[in-house]
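Take a look at the structure below.
Residue numbers (the working numbering): 737 to 1539.
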């Protein structure tokens, strides 16, 4: 073959290749679609029977997983009730905006609209989650339907049996049925979702309107916002619309309360169970502590809580209502306030002095009258008249309190009420004058602040006494009473709990008073601004919040260390057999670990780079090693003493001329209580480097040697018997090891004996020796034996180096 022919053959092959590629590249999307359809996944005819069961099972799984009937039913029940409440709230909002309502009323409605928005948003979120899951399942069903549609065509073309073709058609029908059900559910979901989203939007718009009204009310608090009470037009308008608006307002609030309680049956059931549980606890504790109250004066003071189990349980259950009901209408809180007044009065009568009963009745009555006046909030004239009467009654009552406080000047509770009554009298007088002159917002704010603060003080006082009584009673009831910590420190725990409850109650009272006056939010904003204020020092930026948080972390670490050591010492160590001194070492190590952990967390919160701190610490190590050599030596020596434990707290040691009991092993030095009564501070390094005699390292026994010198003609057997009898009669001398008398040496005309005894009274060993010497000399004199037990010289410590 010539080169020309070979060349033309290569050209022909290249053209053929390009021709095929051209056909492939010239395919349009319309042509590609059938090809894709042809490549659609199909199931081979032999596998249809096995895959059919899998497909049916998967369809059932999708159907069961996509059951949203409960979501739809819940939303279909909640949305109409919420729409009715919103409709009522909108009418109420129009009245509030038109009547220049009080600042507290506006803020209360803001909270209620915020709760409505949260409820609507929650419904929308649940519906959206269900819709997304449903869309995913519908897409999966569509893919499954396409697969079995292609399988049906393939089976027909392959001439599959009729039974198999019918099986395929049943699967396709089941898929379509489930898909239709899901599409209907999705349609319902989207409709409900649209309604809930609309409610959220209305709630947001209402909150914005109330926020604007609140800003106007704050800025115009000292401007006249209503006609004066002597204006005839004000009363004429109120009389004309009193019957219609008062009745409509009362009906709307009643309807809102009924609708809310009907929609929160589960919360009501949980609240009822909570009340029954409290009743059971109070009845059980009362049966256990009735006899103990007669013998314990402290417990007797808390008996009132358990003598009224139903009243106490009702009071606590009503005060816990916010835990069970989120965002209830204002009328529900009015109901709770009225229902809670009766048990609060009954309980408070038992825990306060009888001279304070008139104060209690007056404050509760005025507060309830103020709460009930909210029914007439849309009627400005009627509401202002009620406030006028409340203000007059409050002024008369405060005058009576000031008069009584002069007679009871020596009682602390009356002294506190006297100082508070002067401030309340000034505010009530200003509120009364402002109400008459047409400054309705200012008058309502000041009067409700006084009444709300006084009522909150009484409720919190009763709640504090109830909490102290409940906890104190529980400390006497098993299994709490079985704790060693409770048995030994019951009074301490009660006092600490009472201390913290009073502080918490005071802070709660301050917060409630500020909230009622409308100053809480501005104060929180100011505190947050101060909290976020920062100061830059080089590359380090610190905020006041970070510094305070670091301080709180260190403080919390100290408190946690105290609590952990207290629990360990009272609950763990008495129940675990540990060597003497080991509990102290464990407690010290825990203390150091917790403090170090708190310090590290605090530094990390301040933004201190621990790697840089490590470098700085390494650089300072040399300087510390030279400049603070003794301190580091004593610190390390203290750790060695704690871990090795050659000396433990409670040991009797002798170092140089100091003999005493170890009281504390600190970071730098240890404290020894010497036999002379002095507190001797010994550096830890001295305990490691110097010779230390530990009299109690292995046991608490100490040998005492008493020398006895007699003439050579003494009867030795009679002398031994006499000395042993004296040793056995001493109660501080132990029997094991037994006392013994030894012949030491013989002089020219004298014998020297030693009486050796053992005692476990380490603190009294000198007294034991002195008593033995005295008794021996007296016995020798009585028995006419020539001899004596010489007394040690002044300032000397006999046998101090003997064991």
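Glycine is no exception: its CB is placed at the ideal position from the N, C-alpha and C atoms.
Start and end of the beta strand (DSSP E) containing residue i?
i, result
"residue 1550", "Since the displayed the chain opens at 737 and closes at 1539, residue 1550 lies outside it and no answer follows."
"residue 1482", "1476–1482"
Is the beta carbon of residue i less than 8 Å from the beta carbon of residue j?
i, j, result
"residue 923", "residue 860", "no"
"residue 1341", "residue 1286", "yes"
"residue 848", "residue 798", "no"
"residue 908", "residue 888", "yes"
"residue 1303", "residue 1221", "yes"
"residue 1497", "residue 1509", "no"
"residue 991", "residue 824", "yes"
"residue 808", "residue 932", "no"
"residue 1441", "residue 1455", "no"
"residue 857", "residue 929", "no"
"residue 723", "residue 1428", "Past the edges of the chain, shown from 737 to 1539, lies residue 723, and the structure says nothing about it."
"residue 1334", "residue 1269", "no"
"residue 843", "residue 950", "yes"
"residue 921", "residue 870", "yes"
"residue 1487", "residue 1450", "yes"
"residue 1432", "residue 1387", "yes"
Along the chain, where does the alpha helix (DSSP H) that runs through residue i open and close?
i, result
"residue 1501", "1501–1518"
"residue 1327", "1318–1341"
"residue 833", "805–834"
"residue 951", "898–955"
"residue 1174", "No alpha helix (DSSP H) holds residue 1174; DSSP gives it neither H nor E."
"residue 1550", "As shown, the chain starts at 737 and ends at 1539. That puts residue 1550 outside it, with no answer to give."
"residue 1455", "1452–1465"
"residue 1052", "1045–1055"
Out of the options, which has the shortest C-alpha to C-alpha gap to residue i?
i, options, result
"residue 1081", "1061, 1103, 1251", "1103"
"residue 1419", "1432, 1401, 1296, 1410", "1401"
"residue 1196", "1180, 1244, 1154", "1244"
"residue 1018", "999, 1006, 1044, 995", "1044"
"residue 1074", "1090, 1106, 1086", "1106"
"residue 1186", "1239, 1229, 1127, 1199", "1127"
"residue 1010", "1021, 1175, 966, 1059", "1059"
"residue 945", "1481, 789, 850", "850"
"residue 793", "1160, 910, 1385", "910"
"residue 1192", "1055, 1269, 1203", "1055"
"residue 1430", "1459, 1453, 1396, 1448", "1396"
"residue 912", "926, 882, 1512, 925", "882"
"residue 1094", "1121, 1078, 1133, 1046", "1133"
"residue 796", "1006, 918, 812, 1313", "918"
"residue 1278", "1522, 829, 1343, 1159", "1343"
"residue 1412", "1394, 948, 1015, 1403", "1394"
"residue 818", "879, 947, 998, 788", "998"
"residue 884", "1504, 783, 1307", "783"
Roughly how far, in whole angstroms, is the beta-carbon of residue i from the beta-carbon of residue j, given that I think they are within contact range, below 8 Å?
i, j, result
"residue 1383", "residue 1423", "6 Å"
"residue 943", "residue 821", "About 15 Å separates the two Cβ atoms, so there is no contact after all."
"residue 1194", "residue 1072", "With a Cβ gap of about 16 Å, residue 1194 and residue 1072 do not count as contacting."
"residue 1298", "residue 1326", "About 11 Å separates the two Cβ atoms, so there is no contact after all."
"residue 1281", "residue 1267", "4 Å"
"residue 964", "residue 1174", "4 Å"
"residue 1188", "residue 1252", "4 Å"
"residue 1123", "residue 1179", "6 Å"
What does DSSP give as the partner residues of residue i in its beta bridges?
i, result
"residue 1430", "1389"
"residue 1245", "Looking at the DSSP assignment, residue 1245 forms no beta bridge with any residue, so it has no partner."
"residue 1405", "1419"
"residue 1494", "1439"
"residue 1395", "1390"
"residue 1400", "1407"
"residue 1444", "1489"
"residue 1469", "1495"
"residue 1523", "1446"
"residue 1128", "Partner(s): none; residue 1128 has no beta bridge."
"residue 1272", "1277"
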